[in-house]
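Residues in the sequence shown are numbered consecutively from 1450, following my numbering. Note that beta-carbon positions come from the ideal geometry of N, C-alpha and C, so glycine has one too. Worksheet: the structure to be examined is printed underneath.
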Amino acid sequence: MFRFIMRFTGKFLLLAVAVILMTACGNDKKEATSTAKAFLQAYYVDLDFEKALRLSSDNSHNAITEQAQMMALNPYAKEETPDIVFKTLEKDSKNSHVAYYIYTCNRSERKLPLRKLNGKWLIDLQGGTVEMGGVENDFTELPSDGINGFASAVSGEIKYRKRQQRNSIN
1450 MFRFIMRFTG
1460 KFLLLAVAVI
1470 LMTACGNDKK
1480 EATSTAKAFL
1490 QAYYVDLDFE
1500 KALRLSSDNS
1510 HNAITEQAQM
1520 MALNPYAKEE
1530 TPDIVFKTLE
1540 KDSKNSHVAY
1550 YIYTCNRSER
1560 KLPLRKLNGK
1570 WLIDLQGGTV
1580 EMGGVENDFT
1590 ELPSDGINGF
1600 ASAVSGEIKY
1610 RKRQQRNSIN
């Protein structure tokens, strides 16, 4: 009888641990997805850069602040809302504290990097920009058709820089 109780207790404890782990992993993914969606909504649609800053790591603050300053120069920024499509979250297979949220912005697929810091998922650009998925960019790899990216002060600035580069070459 004692052996039966021990087996039953062992199986019950194993099942309880499995349920707790599965629930924790599911909540982790939901939290990361929720953070990414809230950030993208604030950054692209609402132009609420204060909220975007609250949802991001310290490594991301410079890029977001620069974007806010650029948008302040564009009186039509609120009218130029990009087409954002939320897709899915991909967790890094090597690091459980890193994930990438896949989304499209004006038909251009992008990855938004997230990192779990102090138990909370935050956007972590690592010194890059949102548009480039956290990768530093010198604007030399941008498409020239104007379809990718979004109509804003930033895309206008990029087009201006590319025109300046072409004019300086000629």
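By the 16-neighbour rule on beta-carbons within 10 angstroms, Arg1556 is exposed. For Lys1560, no alpha helix (DSSP H) run applies; the uninterrupted beta strand (DSSP E) run containing it begins and ends at 1557–1566, by DSSP. Assignment of Ser1483 by DSSP, reduced to helix, strand and coil, places it in the helix class. Note on Pro1562: 16 or more other CB atoms within 10 angstroms of its CB, so buried under the neighbour-count rule. For the options Arg1559, Met1581, Ser1505, the alpha carbon positioned closest to that of Ile1533 is the one of Arg1559. Cβ-Cβ distances below 6 Å link Pro1531 to Tyr1493, Cys1554, Asn1555, Phe1599 in the same chain, with the five nearest sequence neighbours on each side left out; the list follows chain order. Taken in chain order, the complete beta strand (DSSP E) segments of 3 residues or longer contained in the region 1503–1576 are 1533–1540, 1547–1554, 1557–1566, 1569–1572. Here Glu1580 has no same chain residue with a Cβ atom under 6 Å from its own Cβ, once five neighbours each way along the sequence are excluded. A Cβ-Cβ separation of about 18 Å leaves Gly1568 out of contact with Asn1508 under the 8 Å criterion. Thr1484 counts as buried, since at least 16 other C-beta atoms from the protein chains shown sit within 10 angstroms of its C-beta. Here Tyr1550 is not near Ala1501, since their CB atoms are 9 Å or more apart. For Leu1538, the closest of Thr1578, Leu1496, Trp1570, Glu1499 by C-alpha to C-alpha distance is Trp1570.
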